[in-house]
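If you read the sequence shown in the working numbering, its first letter stands for residue 361, the second for the next number, and so on.
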Amino acid sequence: MRRLAVVEPFSRRRELEQALIVFMTDGSKSHRRLFSENELKAIRASEGLAASRSLGLSACDICFLEFEETKLSEHLDAATNRVTEILLQQQPEEIFMPYYKEPSLWSEDHLATNRIVLSALQMCRRKTIIYEYPIWFWQYWPWASIPIRSHRELLRVLKKSCVSGSRLLGDFRCSIYIGDVLELKRNALQQYKSQMTQLIPDPRWRSLGDVSNGEFLACFFQEHEIFRRYSVFSCHEVRELDQYVFSDKQNLLLRKFRWHVPTMSLGRRLCFR
């Protein structure tokens, strides 16, 4: 059995030996005012391949669907059919994909990916364990600083922060320790030079490190990954709880909470990016 997986969450190298990474979009839009879309598409594909190889995967463990970035929601039927084919071929036991309430700060591609995978699973009628992971979820206070320019903006930020905190407690009950492979994860992310550095000396080229003065990026280098974990058919979210260790900033909201720590299977894992 093979697992189906995603790039952002990180697993130990021995678990990635049974992984397939699926890139849903072509990455052609991030800096399109400075590079042509065809150039960005080629750069991002090369970076995805380099990151995957740094984790011990080969080219045959990677799949590029190449739907246009920021427009995945316009191709739901086609994307669902492609993902269904992959699921039927790979027969995954576990799937990693973006969080179903991921903020649409850049595009709706992460939300579309979630809908596409769930629709494909319904067509396959296969019971699978889902791990949803947060990305732009971390772009909220107190995880990241947000400049406040007015009282109205303060109220808006506080509202979104309360929602973010409640979702942390309600949805992300699964924790996986990655402290022993954190540098491997950091090295994999560094392969995305177009996202981690300035490819050209132009102040308009913003990197992930520029978001919230680096606080957003720091959220991805904690010693634990957190997930929303559930069975796609039973719709019964895991309730067993275990200890999760928060960063100092996360402790602003809570000091101790009990989280589920899963025992990872050796079956095939699929990851959607």
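The beta-carbon is built from N, C-alpha and C at its ideal position, and this holds for glycine as well.
With a beta-carbon spacing of about 19 Å, isoleucine 536 and glutamate 462 fall beyond the 8 Å limit used to define contacts.
With respect to the 7 Å criterion, alanine 411 and glutamine 551 are classified as neighbours on the basis of their beta carbons.
Looking only at Thr385, Ile455, Arg589, Met483, the smallest Cα-Cα distance to phenylalanine 532 is reached by Arg589. Runs of the beta strand (DSSP E) lying entirely within the segment 427 to 508 and spanning at least 3 residues, in chain order: 454 to 458, 489 to 493.
For the 7 Å CB-CB criterion, phenylalanine 632 and threonine 473 form a contact. In this structure, the alpha-carbon of glycine 416 lies about 10 Å from that of alanine 379.
The Cβ atoms of glycine 387 and glutamate 429 lie closer than 7 Å to each other. For isoleucine 586, the enclosing beta strand (DSSP E) covers residues 584 to 591. Residue nearest to isoleucine 446 within the set Ile422, His435, Leu465 is Ile422 (criterion: CA-CA distance). Within the same chain, Cβ atoms closer than 7 Å to the Cβ of arginine 546 are found at Phe581, the five residues on either side in sequence being excluded.
Just measuring C-alpha positions, the residue of His470, Ser464, Leu465 sitting nearest phenylalanine 456 is His470. Short of 6 Å from the beta carbon of asparagine 441, and not among the five residues preceding or following it, lies no beta carbon of its own chain.
Distance between arginine 564 and valine 571, taken at the CA atoms: about 13 Å. Serine 412 carries a helical assignment under DSSP once its states are collapsed to helix, strand and coil. In the DSSP annotation of this structure, serine 535 is not part of any alpha helix (DSSP H); the continuous beta strand (DSSP E) holding it starts and ends at 534 to 537. Between glutamate 583 and glycine 539, the CB-CB gap stays under 7 Å.
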